[in-house]
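8 is the number of the first residue of the sequence shown in the numbering used here; add one for each residue after it.
Each remark here refers to the structure printed beneath this line.
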Amino acid sequence: MENRKKETEKKKYSYPYMLGSMLKISVKNMPGTFLAALLVMALAEAASGAGVIVKQNLFESAQEMMGGGSAGRVYGAAILLGVYFIVSMLLYAANNLLQEQGRLRLHQEAGNRLNRKASRIDPICYEDNRFLDDIKRANTGIESVVEVMWVSIRMAGIFLCYYGFMGAYLAQIETGLLVMLCISFVPYIIGGAVRYRMHKLAAYKAAPYQRKGEYYGRCITDKEYARETRLLGAYGYFFRKFRENMELARDIDWKATKKSELVEIFLRFISMTGYIGMLLLLFYYLIRGRVDIAAFAAILSSLDNISDRLDTMFRNTLPRLTDNIGSAENYMAFMDLPERKAVKEIPEGKRVSFCKVSFAYPGNREPALHQIDLDIKEGETIAIVGENGAGKSTFAKLLLGLYCPTEGRVEIDGVDTREIAPGNSAGKLSAVFQNFQKYKMSLGENVFLSDSGHPIDEKRITHSLNRAGLDEGDGEFAQGLDTMLSREFGGTDLSGGQWQRLSIARGLYRQHNLIVLDEPTAAIDPLKETEIYQRFAESAKNKTAVIITHRLGSAKIADRIVVLDKGRIAEQGTHEELLTRHGIYSEMYHEQAKWYT
């Protein structure tokens, strides 16, 4: 993890690289919309520049009329100016509509790519706080990377089509006017570079505080926290933590904004010399007779537009670009994180071997598991027991290939789990975790999603629910499998035990040869737990099963019991064998037996 992180930090994501990547995505996913937006934008910007010629034509017509010429040409020039304004308005309206559609579609595709990438990242990365900050920054970067592309396109259109047209027009009148126009650009470009560097650094510093602040905010507002927060009177505490972290993030951003604004104010004074110089030159050329009165009036009437557009571009458009480049880099960096690529398929998923396996979480020197040697045979039911913190859940994640060992090898049917991508176990492995998810979906969907790669089978869903101790015909499920399990979406809610039984049904529904039950009955009373395990034992015949539990009464159904203590295998054997040894298992079993006597 550490090496992969360093490689990512070393890589630089240049502005051309980001822009090129987004352009490729746009051309691939929305070629028609993208090309139409470019064409209409070019026409709109060129039309804006062409206004100076239309105005010059009107002034020349008026000048001729004052000299005794026909008024007909003036009327024609006035009509042309009116048509020009209407066409310009329509082009800008079409330009805005097409760009907004392009933004929305690119935003959706960038989000889709981020989600697909996250699904391929090594799951152990989620144990690293720095990686969680990366995700936070990458999600923010979705909007930023879209802004970078479309703002860049807009600026390119303004430079190439509007200022390109105006530059060519001024150059054919007097080269000095073009030079003064170019001088106006330079200070803004410098200011944009300064702003970019400041805001990029601020985004990295602020991300941890923003993530913490958002978490404390959820502790106040989210349903899963609301009751306990209010019962404990912890609202004030969480609000203070929320405010402290968000203020720290805000202060970092404010300092960067203040510094960049001061730099820009200074550079704007320099830029004004270009505008003033153009104005003075224009009068000089008029006095010297190098510019006629019509051209003088056309350019003078356009100077405000030139200046306003320049100011808007560098005061609003360019800052939008530079402010977003840093965040967009975070998106690009996340998209380039290395993945665990599948090299081999799991043949059957029936046998598992641990060979001298040790594992430590990122940032922890002390291993959670030490030198584990264990073979799980085909069709065998194994129970992993031990006190809290013994390493049971870590063992389950290594067994399923979610995590890779720090030392040693975990093999499924002889295939090293390092060579298997997480989730590449369809029809072979299944699991039920203690920290299960409560999906705000229908009853049937909550079960079906564990095997969504295959057609839905309502009979299997019902059978899985029954094996887990739930009945779709119960009055609580008024619409059967279609009952929505969320009051938020007009449905019903379940008790903690019912949600846990539903998670068991989800694990059982998935086609598998090996299943891991990681404390799946913690919220279920012992009598119901015994019933569920008995049903599970019947259905697990001829399949490999691993039961992780702290209730030793449930471990008796296993063919073999493995006792973990401080990350090591302390004992293993059958229930009767372990009782006769008077070791850790025997002590724990008799201690728990007192609870029920």
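Glycine residues also receive a C-beta, built at the ideal position from the N, C-alpha and C atoms.
Less than 7 Å between C-beta atoms, sequence neighbours within five positions excluded: which residues of the same chain meet that for residue 23?
Within the sequence shown, numbered from 1, the residue matching residue 23 stands at position 16. Excluding sequence neighbours, residue 23 sits near nothing in its chain.
Taking the alpha carbon of residue 293 as the point to measure from, which residue in 315, 249, 181 has its own alpha carbon closest?
Locating residue 293 in the sequence shown gives position 286, counting from the first residue. Closest option to residue 293, Cα to Cα, is 181.
Alpha carbon to alpha carbon, how far is residue 27 from residue 156?
As a working note, residue 27 is residue 20 in the sequence shown. As a working note, residue 156 is residue 149 in the sequence shown. About 9 Å.
With DSSP collapsed to three states, give me the class of residue 553.
Locating residue 553 in the sequence shown gives position 546, where the first residue counts as 1. DSSP places residue 553 in strand when its eight states are reduced to three.
What does the alpha-carbon distance come out to for the pair residue 189 and residue 280?
One-based indexing of the sequence shown puts residue 189 at position 182. One-based indexing of the sequence shown puts residue 280 at position 273. The alpha-carbon atoms of residue 189 and residue 280 are separated by roughly 11 Å.
Quick check: the Cα distance between residue 341 and residue 217, rounded to an integer number of angstroms?
Residue mapping note: residue 341 aligns to position 334 of the sequence shown, counting from 1. Residue mapping note: residue 217 aligns to position 210 of the sequence shown, counting from 1. Approximately 18 Å, taken between the alpha carbons.
By the three-class DSSP mapping on this structure, what secondary structure does residue 362 have?
Counting from one through the sequence shown, the residue named residue 362 turns up at place 355. Of the three classes helix, strand and coil, the one that applies to residue 362 here is strand, per DSSP.
What three-state label does DSSP hand residue 441 in the structure shown?
If you number the sequence shown from 1, residue 441 lands on position 434. Residue state, collapsed to three classes: coil.
Which of the three DSSP states is assigned to residue 137 in this structure?
Residue numbering aside, residue 137 sits at position 130 when the sequence shown is read from its first letter. Note: residue 137 maps to helix in three-state DSSP.
Residue 567 by DSSP, collapsed to three states: which one?
Along the sequence shown, read from residue 1 onward, the residue named residue 567 stands at position 560. Residue state, collapsed to three classes: strand.
Taking buried to mean at least 16 other C-beta atoms within 10 Å of its own C-beta, is residue 540 buried or exposed?
For the purposes of this step, residue 540 is identified with residue 533 of the sequence shown, where counting begins at 1. Residue 540 is buried by the Cβ-count criterion.
Assign residue 417 to one of three DSSP states: helix, strand, or coil.
Counted from its first residue, the sequence shown places residue 417 at position 410. Strand at residue 417.
Consult DSSP for residue 483 and reduce its assignment to one of helix, strand or coil.
Taking the sequence shown and counting its residues from 1, the one referred to as residue 483 is at position 476. Reduced to three states, the DSSP call for residue 483 is coil.
May I ask you to report which of helix, strand or coil DSSP gives residue 57?
Start at 1 with the first residue of the sequence shown, and residue 57 comes out as number 50. Residue state, collapsed to three classes: helix.
Where do the N-terminal and C-terminal ends of the alpha helix (DSSP H) with residue 317 fall, by residue?
Within the sequence shown, residue 317 is the residue found at index 310, counting from 1. From DSSP, the alpha helix (DSSP H) with residue 317 extends over 300-319.
Less than 7 Å between the beta carbons of residue 526 and residue 554, yes or no?
Here residue 526 corresponds to residue number 519 of the sequence shown, with the count starting at 1. Here residue 554 corresponds to residue number 547 of the sequence shown, with the count starting at 1. No, the pair does not count as a contact, with Cβ atoms beyond the cut-off.
Skipping 5 residues on each side, what residues in its chain have a beta carbon closer than 7 Å to that of residue 65?
If you number the sequence shown from 1, residue 65 lands on position 58. Here the set comprises 84, 85, 88.
Taking only runs that begin and end inside the stretch 143-194, name each unbroken alpha helix (DSSP H) of 4 or more residues, in chain order.
Taking only runs of at least 4 residues, the alpha helix (DSSP H) segments lying wholly in the stretch 143-194 are 171-180.
Spatial neighbours of residue 204 within its chain, please: CB distance less than 7 Å, with the 5 preceding and 5 following residues excluded, ordered by chain position.
As a position in the sequence shown, residue 204 is number 197, starting the count at 1. Taken in chain order, the list of residues that qualify is empty.
List the residues that DSSP assigns as beta-bridge partners of residue 491.
Looking up residue 491 in the sequence shown gives position 484. DSSP lists 449 as partners of residue 491.
On the CB-based measure, 16 or more other CB atoms within 10 Å of its CB, does residue 1 come out buried or exposed?
The chain is shown from 8 up to 604; residue 1 falls before or after that span and cannot be answered.
Among all the DSSP beta bridges, which residues are the ones paired with residue 381?
Counting from one through the sequence shown, the residue named residue 381 turns up at place 374. According to DSSP, residue 381 bridges with 361.
Would you report the Cα separation of residue 325 and residue 158, rounded to the nearest angstrom?
For this step, residue 325 is matched to residue 318 along the sequence shown. For this step, residue 158 is matched to residue 151 along the sequence shown. Approximately 8 Å, taken between the alpha carbons.
Which residue's Cα is closest to the Cα of residue 273: 245, 201, 592?
The residue you call residue 273 lines up with position 266 of the sequence shown. Among 245, 201, 592, the Cα nearest to that of residue 273 is on 201.
Going by the beta-carbon positions, is the gap between residue 63 and residue 214 smaller than 7 Å?
Taking the sequence shown and counting its residues from 1, one reaches residue 63 at position 56. Taking the sequence shown and counting its residues from 1, one reaches residue 214 at position 207. For residue 63 and residue 214, no; Cβs fall outside 7 Å.
With residue 389 and residue 569 assumed to form a contact (beta carbons below 8 Å), what rounded beta-carbon distance in angstroms separates them?
Residue numbering aside, residue 389 sits at position 382 when the sequence shown is read from its first letter. Residue numbering aside, residue 569 sits at position 562 when the sequence shown is read from its first letter. At roughly 6 Å, the Cβ-Cβ gap stays under 8 Å, so residue 389 and residue 569 are in contact.
Among the candidates 93, 43, 118, whose CA atom is the shortest distance from the CA of residue 108?
Within the sequence shown, numbered from 1, the residue matching residue 108 stands at position 101. Nearest option by C-alpha distance: 43.
Residues bridged to residue 391 by DSSP?
Taking the first residue of the sequence shown as 1, we reach residue 391 at position 384. 555, 569, per the DSSP bridge assignment.
Could you check the C-alpha separation between residue 510 and residue 503 for me, to the nearest Å?
Here the question's residue 510 lines up with position 503 in the sequence shown. Here the question's residue 503 lines up with position 496 in the sequence shown. Each residue's alpha carbon lies about 11 Å from the other.
What does a CB cutoff of less than 6 Å around residue 443 pick up in its chain, not counting 5 residues either side in sequence?
Locating residue 443 in the sequence shown gives position 436, counting from the first residue. Answer for residue 443: 510, listed in chain order.
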